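As structure tokens, the structure follows; a few thoughts come after it.
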Amino acid sequence: MKLSQYKEKKKHKKLIVIALVIIALIGGAIIDRTFANFKVNKSFKVMEGNFIYEGSGDVIFAFYKGDEQLTLMPEKTNKENLTFQKGECDKGALVEWDDDAWAPKVLNLHETKTTCKLYFDISYNAICNSAGVDSGACYLAKMVQENRTYMAYDNTKDNNLRFIGGKPNNYVKFNNETWRIIGVMNNVEDENGNMGSHLKIIRDTSIGDYSWDSSIESVNNGNGVNEWSDADIQKVLNDNYYNKKAGGSCYGGIKESYKSCPNWASIGLNDEARSMVSKVKWHTGTMSVNYDSNKKLATPFYMYEMERSENKGKICLNSRSDCNDEIERTTVWPGYVGLMYPS
């Protein structure tokens, strides 16, 4: 295997203040990152350059174009216009990609000889092959190849293509309403076990103010249960709303405080809209029980990893008086309609 090893030559430290707004999560934090310059090690074919890491240890990189292993990391101005697709590391490390610096960022680096694989490809090939050449996902992937003003790859392990910026032109007509495209989500598993790229869209206006979940007073003091597969709003959205069916119990507060449901016949999905919606696996993992907010920053990248983790987030611990439900938490859920992820 041809690998490239980056060895530390000298260090300097830099403080970066990052403010985040992620739905209801607002955070500011200071990250201490070390920037390292690297020299050629005769044992490996390497390229000279920089990468950013958090932690200590060293890294061996392997570069791929699709399934083909490369001898060097592609240059930013490469003739094939390759873009970074995804990265994966062993020994618990995580790798992001800094497109401006055209360099990897390795997080949670704590061991020597950590190996990271970085995959590159013509950006739209994988999406078009997965979703189809006539799909909206393929259209967007080809468009971003020429213009990255409103879209960018998110550098997660799935390297989804997302709309970015304060006022992106991501509006689309769906169900005779205005919706917005969040982006092209890659490596999504459908109900038949097929992996592919799918458009994720969000309704531009709210359908109202309702409880995420509610319960009788003897269960969690009436505050509901934090398990999406059993949540009241999940059941209403994937039955009444999805099927344009009257009825359903809509709650507006604790202790099953009821409020009138919307007119599902008016705002529910019509036949044409339903034909476009895929039943897919949604990831419902949560933050690690060992998460220390004083030491880690809940970035979108971190939250993306946690959502796809096996962390169940069971809240009923130590016989708390305010939490006595016995519902098992899950980390995946198959369905049609969900809510926006924290990431």
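Under the numbering used here, the first residue of the sequence shown is numbered 209, with each subsequent residue one higher.
Backbone N, C-alpha and C define an ideal beta-carbon position, used for all residues, glycine too.
Predicted, not measured: the structure shown is a model, and the values here were computed from it.
Residue i (DSSP reduced to helix, strand or coil)
i, result
"ALA349", "helix"
"ARG516", "coil"
"GLY263", "strand"
"ILE230", "Legend: pLDDT at ILE230 = 29, less than 50; position of this residue unreliable, no value from coordinates given."
"GLY508", "The identity of residue 508 in the sequence shown is Pro, whereas the question assumes Gly. If DSSP states are grouped into helix, strand and coil, PRO508 belongs with the helices."
"GLU354", "helix"
"ASN249", "Bear in mind that a pLDDT of 35 at ASN249, under 50, signals an unreliable position, so the number given afterwards is only what the model happens to contain. In the structure shown, ASN249 sits in coil (DSSP, three-state: anything other than H, G, I, E or B)."
Beta-carbon gap between residue i and residue j smaller than 8 Å
i, j, result
"MET351", "ILE372", "no"
"HIS406", "ALA349", "no"
"TYR450", "TYR544", "yes"
"THR322", "ASP342", "no"
"PHE259", "LEU326", "no"
"GLN277", "ASN367", "no"
"THR364", "PHE509", "yes"
"ASP533", "VAL433", "yes"
"ASN519", "MET495", "yes"
"TYR512", "SER551", "yes"
"ASP440", "SER414", "no"
"ASN384", "LEU477", "no"
"GLU515", "GLY493", "yes"
"PHE328", "LYS273", "yes"
"GLY404", "ALA339", "yes"
Span of the alpha helix (DSSP H), counted from its first residue to its last, around residue i
i, result
"LYS443", "440–444"
Limits of the unbroken beta strand (DSSP E) element including residue i
i, result
"GLY430", "Element bounds for GLY430: n/a, residue is neither H nor E."
"MET495", "That residue, MET495, is in no beta strand (DSSP E); it is neither H nor E in DSSP."
"TYR361", "359–361"
"SER419", "Careful: SER419 lies outside any beta strand (DSSP E) and carries neither H nor E."
"LEU407", "403–411"
"TRP436", "Premise fails: TRP436 is in no beta strand (DSSP E) and is neither H nor E."
"ASN540", "The residue you asked about is not Asn; residue 540 is Val in the sequence shown. Looking at the DSSP string, the run of the beta strand (DSSP E) that includes VAL540 is 540–543."
"ASN283", "Per the sequence shown, residue 283 should be read as Glu rather than Asn. Segment: none, GLU283 is in no beta strand (DSSP E) and carries neither H nor E."
Presumed contact (8 Å Cβ cut-off) between residue i and residue j, rounded CB distance
i, j, result
"GLY416", "SER423", "No, GLY416 and SER423 are not in contact; Cβ-Cβ is about 20 Å, not under 8 Å."
"LEU317", "VAL267", "7 Å"
"ALA301", "CYS324", "7 Å"
"LYS487", "GLU397", "Rounded, the Cβ-Cβ distance is 10 Å, inconsistent with contact."
"TRP436", "ILE410", "Their Cβ separation, rounded to whole angstroms, is 17 Å, which puts TRP436 and ILE410 out of contact at 8 Å."
Contact test: residue i Cβ vs the ligand NAD heavy atom, cutoff 7 Å
i, result
"SER465", "For the structure depicted, the ligand NAD is absent and the ligand set is empty, with no information on it obtainable."
Cutoff 8 Å: residue i Cβ touching any chain B Cβ
i, result
"TYR450", "Absent here is chain B; the protein component of the structure consists of one chain."
Whole runs of the alpha helix (DSSP H) within the stretch 365–397, excluding any shorter than 4 residues: The stretch 365–397 contains no whole alpha helix (DSSP H) run of 4 or more residues.
Those runs of the alpha helix (DSSP H) which lie wholly inside the stretch 294–344 and span at least 4 residues: 331–339
Runs of alpha helix (DSSP H) wholly within the stretch 439–479 (minimum 4 residues, chain order): 440–444 and 472–475
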